[in-house]
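In my numbering, the protein residues as written are 2 to 315.
Structure follows, in structure tokens:
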């Protein structure tokens, strides 16, 4: 039902965008210009006007870490979201209205998620999270995005320009976008001390991970294993089960949810020596905690607490 509801609202927004676009395209067209590109640019502007001005979709600044921000049906119903979900909604409406697939390119920049569009009048970056504040806030030039990245990441102008070039040239694929959404949800579940959800989102995230012998695939595999271990350790810690009368450590619930921890630990032990010293220390700390938990479980004791361990960067 949620998917059908989201599709219905998206279709309504598409129809409104088409109506607005016809007027914009008729007014903007001039002799000698590329009629198709003029119409496409008009559709992009119309989709922005319909979604962010008429329908009042906006960035959820007050509840940024609310998991509902990552689900399109909730975004359409509540009219609030985060950069990636608002960008996906915008692209879905614009493409249904007639913008060629792939013309609005996802830009997964460090610290923000934007859309890149190259029209007849030049390149723009759409900030779907800020567009409700007006065109000035939501339609940016390359220089403005570079300045944001410089401030947000505390880097010099050259480094910010390099970051943006890399993000634009390697435009995010659907799997990249899906993976980023799921990682957001897994991080929220961890911070909310909901390790069962973290395991679910972690498993889903692996379906979006790169395949093959690439460096990116290797990093994704390691980080997925780290996520599983952290979540299973949290599940094994009776203090995080939120029960008034915790069950024995060998209860079916704990054993089922923490199943496979030994295999995960063995996998981390097998790969940690290939990493940098910093990453190797992080994983060694995590493995030590996991080994202590396994020993305590086998002896009938309580689980051990877990501290956050960073992802690897290689």
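Built from N, CA and C at the ideal position, the CB exists for glycine as well.
Predicted model, so just to flag it, every value in this text is computed and none were measured.
Residue i, DSSP secondary structure in three states
| i | result |
| --- | --- |
| residue 127 | strand |
| residue 117 | strand |
| residue 290 | helix |
| residue 38 | helix |
| residue 71 | helix |
| residue 222 | helix |
| residue 4 | Residue confidence for residue 4 is low, a pLDDT of 36 falling below 50, so the modelled location carries little weight; the figure read from the coordinates is stated next. Three-state result, residue 4: helix. |
| residue 102 | coil |
| residue 107 | strand |
| residue 65 | coil |
| residue 172 | coil |
| residue 193 | coil |
| residue 276 | coil |
| residue 316 | Because the chain is modelled from 2 through 315, residue 316 falls outside the range shown and cannot be assessed. |
| residue 180 | helix |
| residue 187 | helix |
| residue 213 | coil |
| residue 135 | coil |
| residue 206 | helix |
| residue 271 | helix |
| residue 285 | helix |
Residue i versus residue j - alpha carbon distance
| i | j | result |
| --- | --- | --- |
| residue 51 | residue 213 | 42 Å |
| residue 45 | residue 100 | 7 Å |
| residue 138 | residue 90 | 18 Å |
| residue 134 | residue 57 | 10 Å |
| residue 144 | residue 278 | 37 Å |
| residue 136 | residue 41 | 18 Å |
| residue 312 | residue 35 | Because residue 312 sits at a pLDDT of 49, beneath the cut-off of 50, its placement in the model cannot be relied upon, and the following sentence gives the value as read from the coordinates. Approximately 47 Å, taken between the alpha carbons. |
| residue 206 | residue 218 | 12 Å |
| residue 125 | residue 154 | 21 Å |
| residue 66 | residue 189 | 7 Å |
| residue 117 | residue 86 | 16 Å |
| residue 194 | residue 288 | 20 Å |
| residue 208 | residue 149 | 32 Å |
| residue 266 | residue 204 | 16 Å |
| residue 184 | residue 122 | 36 Å |
| residue 170 | residue 187 | 27 Å |
| residue 268 | residue 224 | 12 Å |
| residue 151 | residue 165 | 10 Å |
| residue 69 | residue 210 | 23 Å |
| residue 264 | residue 275 | 18 Å |
| residue 222 | residue 283 | 16 Å |
| residue 80 | residue 280 | 40 Å |
| residue 182 | residue 172 | 16 Å |
| residue 77 | residue 60 | 12 Å |
Integer-rounded CB distance, given that residue j should sit under 8 Å from residue i
| i | j | result |
| --- | --- | --- |
| residue 232 | residue 286 | Actually they are not in contact, since the Cβ atoms of residue 232 and residue 286 sit about 16 Å apart, beyond 8 Å. |
| residue 120 | residue 38 | 7 Å |
| residue 114 | residue 84 | 4 Å |
| residue 48 | residue 98 | 6 Å |
| residue 293 | residue 262 | With a Cβ gap of about 12 Å, residue 293 and residue 262 do not count as contacting. |
Sheet register partners of residue i (DSSP bridge)
| i | result |
| --- | --- |
| residue 141 | 126 |
| residue 82 | 60 |
Test: residue i CB closer than 8 Å to a CB of chain C
| i | result |
| --- | --- |
| residue 164 | Although the question refers to chain C, the structure presented lacks it and comprises just one protein chain. |
Subject >> Any 3 or more C-beta pairs closer than 8 Å across the stretch 221 to 229 and the stretch 189 to 207 >> reply: Three or more pairs of CB atoms, one per stretch, sit closer than 8 Å, so the stretch 221 to 229 contacts the stretch 189 to 207.
Subject >> Given 8 Å, three or more beta-carbon pairs between the stretch 82 to 97 and the stretch 123 to 131 >> reply: Contact holds between the stretch 82 to 97 and the stretch 123 to 131, because three or more Cβ pairs, one in each stretch, are under 8 Å apart.
Original post:
Would you call the stretch 175 to 185 and the stretch 103 to 115 touching, i.e. three or more CB-CB distances under 8 Å?
Top reply: With a cut-off of 8 Å on Cβ pairs, the stretch 175 to 185 is in contact with the stretch 103 to 115, counting three or more such pairs.
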